[in-house]
Structures are given as structure tokens and as C-alpha cells.
Amino acid sequence: KQEVTQIPAALSVPEGENLVLNCSFTDSAIYNLQWFRQDPGKGLTSLLLIQSSQREQTSGRLNASLDKSSGRSTLYIAASQPGDSATYLCAVNSGNTPLVFGKGTRLSVIA
Amino acid sequence: GAVVSQHPSWVICKSGTSVKIECRSLDFQATTMFWYRQFPKQSLMLMATSNEGSKATYEQGVEKDKFLINHASLTLSTLTVTSAHPEDSSFYICSAPVPKGNYEQYFGPGTRLTVT
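If you read the sequences in order, they're chains V and U. Read the first sequence against my numbering and you will find it ends at 256, with the numbers running on by one and no gaps. Read the second sequence against my numbering and you will find it ends at 750, with the numbers running on by one and no gaps.
Here's what the structure looks like:
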């Protein structure tokens with residue numbers, strides 16, 4: 146059974162700092178890995194999707210990498226801003242299957 | 635990108651009543667939809683897989699007679715919480731994978747259910 150772990154559970158950084166969020170999964174037979182953002186009381190915003198054949202994806206200040214063989218992914222946020230404060234969720238699937246989510250990293254960026 | 639809608643966005647109901655939540659894929663056909671539940675400060679947990687034209691598949695521990703799922707068409711799945719109890723209060727969110735391509739899943743905005 147696939148399990149997804151995210152470290153750290155919470156993170157507080159000063160504005161402008163670069164930061165890394167970590168995600169690991171137990172079964173490397175994945176098709177997609179997705180990173181989401183969730184604001185308090187809100188739904189999910191998809192940030193980046195990495196297919197199993199890819200190593201990384203970039204969108205603006207965000208960069209996600211995938212090492213499928215070791216079961217790891219990282220989300221790099223450059224020059225963090227207070228507006229980046231949210232919970233970041235990592236999730237994987239194996240094709241047309243439901244996503245398995247980690248518990249998330251709660252990020253606070255302090256102005 | 636693809637759009638998935640949910641209705642209602644929030645609902646308050648009394649204990650013992652039933653509540654129906656709709657999930658629609660607006661610009662693509664979804665033979666499969668997934669229903670998740672999220673309790674406060676917890677992550678999303680899969681409740682069931684909704685399949686158009688066949689019975690839903692429920693995860694272990696989810697009562698199929700309490701959470702009725704009907705995938706009536708290629709663009710609509712409904713979740714009905716029957717005889718709601720306060721412990722059913724949660725955030726319910728659906729998703730649908732785009733059937734062709736990379737199976738990226740698109741999520742609805744979620745429904746916050748409060749049972750009093």
C-alpha cells in the first residue's frame with residue numbers, strides 16, 4: 146500500500162528565504178506526482194505535476210524534482226513571500242487511480 | 635485546464651437529515667471520479683471511486699449505505715450523506731482525471747458540511 150510522507154510538518158521562515166519541502170513515497174511504481182497548495186478552509190490549487198519519466202518541473206519561483214527510484218520529491222520555493230503561506234501537499238498515483246496524499250507541510254512566511 | 639465544479643460549496647444540516655453534493659466535470663467527460671474527505675488539520679483521504687454506469691468502489695471503513703454515490707452521466711457524480719451525524723462534518727472534495735494524456739487530476743473546490 147502506497148504511503149506518502151512529508152517533512153517537515155511545519156516550517157516558519159522569514160520573507161525572502163529559499164526553502165525546500167520534502168516528500169517521500171514507499172512504492173516507486175508511480176505514474177504522476179503532484180504538488181498542491183491549500184489555503185485554510187479552501188480547496189486545492191495544483192502547483193506542479195511531474196510524470197514518472199520526468200526529473201523536474203518549474204513554474205515561476207517553484208521547482209519540483211522527482212527521483213522515482215529512491216521514492217523522493219522536493220519542492221523548492223525561491224525568494225519566499227508572505228503570500229506563499231499555506232499548506233503544501235504532495236500526492237502520487239499510478240495512472241488512472243486516486244491520488245494518495247501526504248499529510249502536508251504547513252508553511253508560514255514571516256514579513 | 636479542465637474544470638471541475640462542486641455544489642454546494644457549503645451546507646449546514648440537522649442531524650438525521652440527508653445531504654446531496656454534486657461534482658461536475660464542465661469541459662471533459664469523466665468516466666471515473668474520486669471522492670475524498672478532509673477532517674480539520676488532516677490530509678485528504680479517499681472515500682470512494684465513482685464509475686459511470688457501474689457501482690462505486692468504497693474504501694475500507696467507509697459505509698456504502700451511508701455515503702451513496704451515483705455516477706449518473708459522464709459529467710456528473712453525486713455523493714449523498716444519509717442520516718447525517720455531527721461526526722460527518724467535514725470537507726468533501728471530488729476529483730476527476732482527464733481521460734486522455736497524463737491522467738492529471740482536477741479537483742473541485744470542495745464542499746464544507748456542518749451537521750448540527
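Positions of the beta carbon are idealized from the N, C-alpha and C atoms, including for glycine.
(1) What are the boundary residues of the beta strand (DSSP E) that includes residue 726 of chain U?
(2) So if DSSP puts residue 825 of chain U in a beta bridge, which residue, or which two residues, is it bridged to?
(3) My guess is that residue 201 of chain V and residue 211 of chain V are in contact by the Cβ rule of under 8 Å, so how many angstroms apart are they, rounded?
(4) Output, in chain order, the set of chain V residues within a Cβ distance shorter than 9 Å of residue 662 of chain U.
(5) If I measure Cβ to Cβ from residue 160 of chain V and keep anything under 8 Å in the same chain, skipping five residues before and after, which residues do I get?
(6) Mapping the DSSP letters down to three states, classify residue 148 of chain V as helix, strand or coil.
(7) Return the CA-CA distance between residue 691 of chain U and residue 699 of chain U, expressed in angstroms with no decimal places.
(8) So is residue 170 of chain V in contact with chain U if we call contact Cβ pairs under 8 Å?
(9) Going along the chain, which residues of its own chain have a beta-carbon closer than 7 Å to the beta-carbon of residue 651 of chain U, five neighbours each way excluded?
(10) What's the call for residue 172 of chain V, buried or exposed, on a 16-neighbour Cβ count within 10 Å?
(11) Looking at the structure shown, is residue 159 of chain V part of a helix, part of a strand, or coil, going by DSSP?
(12) Under 8 Å, do residue 149 of chain V and residue 235 of chain V count as touching if we go by C-beta distance?
(13) Here's the rule I'm using: 16 or more other beta-carbon atoms within 10 Å means buried, otherwise exposed. How should residue 675 of chain U be labelled?
(14) Who are the neighbours of residue 727 of chain U on chain V, taking C-beta pairs under 9 Å?
(15) What residue range is occupied by the uninterrupted beta strand (DSSP E) comprising residue 721 of chain U?
Put simply:
(1) Here residue 726 of chain U is taken as the residue at index 92 of the second sequence, counted from 1. Counting along the chain, the beta strand (DSSP E) containing residue 726 of chain U begins and ends at 724-731.
(2) A question about residue 825 of chain U goes unanswered here, because the residues of chain U that appear run from 635 up to 750.
(3) Working through the first sequence from its first residue, we reach residue 201 of chain V at position 56. Working through the first sequence from its first residue, we reach residue 211 of chain V at position 66. Yes, residue 201 of chain V and residue 211 of chain V are in contact; Cβ-Cβ is about 7 Å, under 8 Å.
(4) Taking the first residue of the second sequence as 1, we reach residue 662 of chain U at position 28. Going along chain V, no residue has its Cβ under 9 Å from residue 662 of chain U, so there is no contact; the nearest lies around 13 Å.
(5) Within the first sequence, numbered from 1, the residue matching residue 160 of chain V stands at position 15. Hits under 8 Å: 225, 226, 227, 254, 255, 256.
(6) Position 3 of the first sequence holds residue 148 of chain V. Three-state result, residue 148 of chain V: coil.
(7) Looking up residue 691 of chain U in the second sequence gives position 57. Looking up residue 699 of chain U in the second sequence gives position 65. Each residue's Cα considered, the two are about 12 Å apart.
(8) For the purposes of this step, residue 170 of chain V is identified with residue 25 of the first sequence, where counting begins at 1. It does not; no Cβ of chain U falls within 8 Å.
(9) Position 17 of the second sequence, counted from the start, is the residue given in the question as residue 651 of chain U. 718.
(10) In the first sequence, residue 172 of chain V corresponds to position 27, counting from 1. When all chains shown are included, residue 172 of chain V counts as exposed.
(11) Stepping through the first sequence from its first residue, residue 159 of chain V is reached at position 14. Three-state result, residue 159 of chain V: strand.
(12) Counted from its first residue, the first sequence places residue 149 of chain V at position 4. Counted from its first residue, the first sequence places residue 235 of chain V at position 90. In this structure, residue 235 of chain V lies closer than 8 Å to residue 149 of chain V by Cβ.
(13) Residue 675 of chain U sits at position 41 when you count from the first residue of the second sequence. Answer is exposed; the Cβ neighbour count stays below 16.
(14) Reading the second sequence from its first residue, position 93 is the one you call residue 727 of chain U. Near residue 727 of chain U (Cβ distances below 9 Å), the residues of chain V are 188, 189.
(15) In the second sequence, counting from the first residue as 1, residue 721 of chain U sits at position 87. From DSSP, residue 721 of chain U is part of no beta strand (DSSP E); its letter is neither H nor E.
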